[in-house]
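Quick mapping for you: the protein sequence lines, in order, are chains S and R.
Counted the way the numbering used here counts, the first sequence spans residues 4 to 210.
Counted the way the numbering used here counts, the second sequence spans residues 4 to 210.
Comments concern the structure below.
There are 2 protein chains.
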Amino acid sequence: MKHKVVIVEDNIPLSEAFAEVIDFTNDFEVVAIYDNCEDAIKNLRKDCAKLFLMDIELPGINGVEGTKQIKKVFPKANIIMVTVYENSEVVFDALCAGASGYLTKNLKPEELVDALKVSISGGAPMSIKIAKMVVSSFQKKPSKIELSKREKEVLVLLSEGNSYDSIAEKLFISKNTIKFHLKNIYIKLQVNSNIEAVQKANKENLI
Amino acid sequence: MKHKVVIVEDNIPLSEAFAEVIDFTNDFEVVAIYDNCEDAIKNLRKDCAKLFLMDIELPGINGVEGTKQIKKVFPKANIIMVTVYENSEVVFDALCAGASGYLTKNLKPEELVDALKVSISGGAPMSIKIAKMVVSSFQKKPSKIELSKREKEVLVLLSEGNSYDSIAEKLFISKNTIKFHLKNIYIKLQVNSNIEAVQKANKENLI
DNA sequence: ACAAAACCTACCCAATTGGGTAGGTTTTTG
DNA sequence: CAAAAACCTACCCAATTGGGTAGGTTTTGT
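Here it is, written out as structure tokens:
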């Protein structure tokens, strides 16, 4: 039994080329080709495919939105984005939407097939550049802002929802001292409210 | 000119096997093998390698900590973790520390060489399972908590550090209404302060 | 058309927070 | 050692926030 693949791509020659490559394999077969997400979503249950090759730039519903909708119906669908976009925002949007892989259109036939194999076996096919982007997104650069140990403690407790009183109790110091530290924290972070301080500390990886 | 590789691995037979594979290639050569991070860090400038194969479980400084220190001296070092650990915490710790790739020890010789090639060309070599984990980490599951459109607007503005007054101005409604919405938000999120609300909303991907 | 939900406003009071000054001790560092 | 930095406390006052009640309009769904 071959794995069913649906292609959603408005560049017809390209989708036909993909289909030809896929149908040539022993393990995969293309059950439908759509040039828009709407039709793909309409026929989801009929096609009953586990694998999707999804373009991003599509007329009507775009690929990211389409991915969300397909995943809502079939959470286990493997949706591989195949697009020309390589800028970080689109990539992360697609991954957040539930894409299980991300390839760029300049891929070779065997790469396409490899990606399908990787995907069906629970992996996440990615082009080299995308993999790098994804990994890089974890590498938080340290902030240049320096908080003292005590200031960090206060900020952490504050971020957990403690009131000044509660922080004071937990650190065994007076509420006035908490205020004193926060005042200094606000200056260092250049903010003027507790919420901003917590947000900024999070963004700067200070806590 | 071959690319210099340093191996940090306390399983000597394994590190020697790696070295043998690497030295057999035309593009890479092992310039040093260490069974601990301390020595590797000490000889950083002498070895002057661009590539590191780093074990995680090491006596003394562990691989994650070692990675941080090496990246501090050589931010451009390509450090590939090669370990048996596959649990998410360790993987993400390693990536955050600056690892540019993550492989598991059951890898084949050609996979090792491929990883080096990928890494040197700016990519991020990962085993299939790790790639999947990394991609999955982006897929935020939607919260079951439902906020109205207005409540989200208020919460977003609050999270940006606006005071009630400021939020009221921006939404063209009265401060009292802001308080009203926040009261409801606090109930829905089961919190009782603005900071907690913002934190929880972030955690639940509500804003 | 009706009910439910969402949205809006106002008022009150208690509690918390922000910002300031003024001073003290302890720890770190040149 | 002396200076600097971090840490601590207290007090004051203005402003903001939390929590409550009581009512209104608009939008949504059945």
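Just so it is clear, CB atoms sit at the ideal spot from N, CA and C, and this is done for glycine as well.
Since this is a predicted model, take the numbers as computed values, not measurements.
For residue i, which of helix, strand or coil comes out of DSSP?
i                      : result
residue 192 of chain S : helix
residue 28 of chain S  : coil
residue 102 of chain R : coil
residue 128 of chain S : coil
residue 146 of chain S : coil
residue 209 of chain R : coil
residue 18 of chain R  : helix
residue 177 of chain R : coil
In chain S, what lies closer than 7 Å to residue i by C-beta?
i                      : result
residue 199 of chain R : 164
residue 194 of chain R : 164
Please report the residue range of the beta strand (DSSP E) in which residue i lies.
i                     : result
residue 1 of chain R  : Nothing about residue 1 of chain R can be reported from this structure: the residues present for chain R run from 4 to 210 only.
residue 85 of chain R : 81–86
On the criterion of 16 or more Cβ atoms from any shown chain inside 10 Å, does residue i qualify as buried, or is it exposed?
i                      : result
residue 2 of chain R   : Here chain R has residues from 4 to 210 only, and residue 2 of chain R is not among them.
residue 214 of chain R : Nothing about residue 214 of chain R can be read from this structure; chain R reaches only from 4 to 210.
residue 76 of chain R  : exposed
residue 128 of chain R : buried
residue 5 of chain S   : exposed
residue 87 of chain R  : exposed
residue 18 of chain S  : buried
residue 135 of chain R : buried
residue 125 of chain S : exposed
residue 21 of chain R  : buried
residue 181 of chain S : buried
residue 195 of chain R : exposed
Terminal residues of the continuous alpha helix (DSSP H) containing residue i?
i                      : result
residue 197 of chain R : 197–206
residue 132 of chain R : 131–139
residue 75 of chain S  : 66–76
residue 115 of chain S : 112–123
residue 172 of chain S : 167–174
residue 162 of chain S : 152–162
residue 61 of chain R  : Note, residue 61 of chain R: premise wrong, no alpha helix (DSSP H); not H, not E.
residue 49 of chain R  : 47–50
List the residues of chain S that residue i touches, going by C-beta distances under 9 Å, in chain order.
i                     : result
residue 95 of chain R : 141
residue 24 of chain R : The premise fails here: residue 24 of chain R is roughly 21 Å from chain S at the closest Cβ pair, so nothing lies under 9 Å.
Along chain R, which residues have their Cβ under 8 Å away from the Cβ of residue i?
i                      : result
residue 131 of chain S : 121, 124, 125, 126 and 127
State the beta-bridge partners of residue i as determined by DSSP.
i                      : result
residue 37 of chain S  : S:11
residue 6 of chain S   : S:31
residue 107 of chain R : R:86
Since residue i meets chain R, which of its residues come closer than 9 Å, beta carbon to beta carbon?
i                      : result
residue 69 of chain S  : Neighbours of residue 69 of chain S on chain R: none; closest Cβ ~16 Å, over 9 Å.
residue 161 of chain S : 198
residue 134 of chain S : 104, 121, 126, 127, 128, 129, 134 and 137
Given that residue i touches chain S, what residues does it touch there, using C-beta distances under 8 Å?
i                      : result
residue 99 of chain R  : 141, 142 and 143
residue 202 of chain R : 162, 163, 164 and 201
Can you name the residues of chain R whose CB is closer than 7 Å to the CB of residue i?
i                      : result
residue 116 of chain S : Here the premise fails: no neighbours, minimum Cβ distance about 15 Å.
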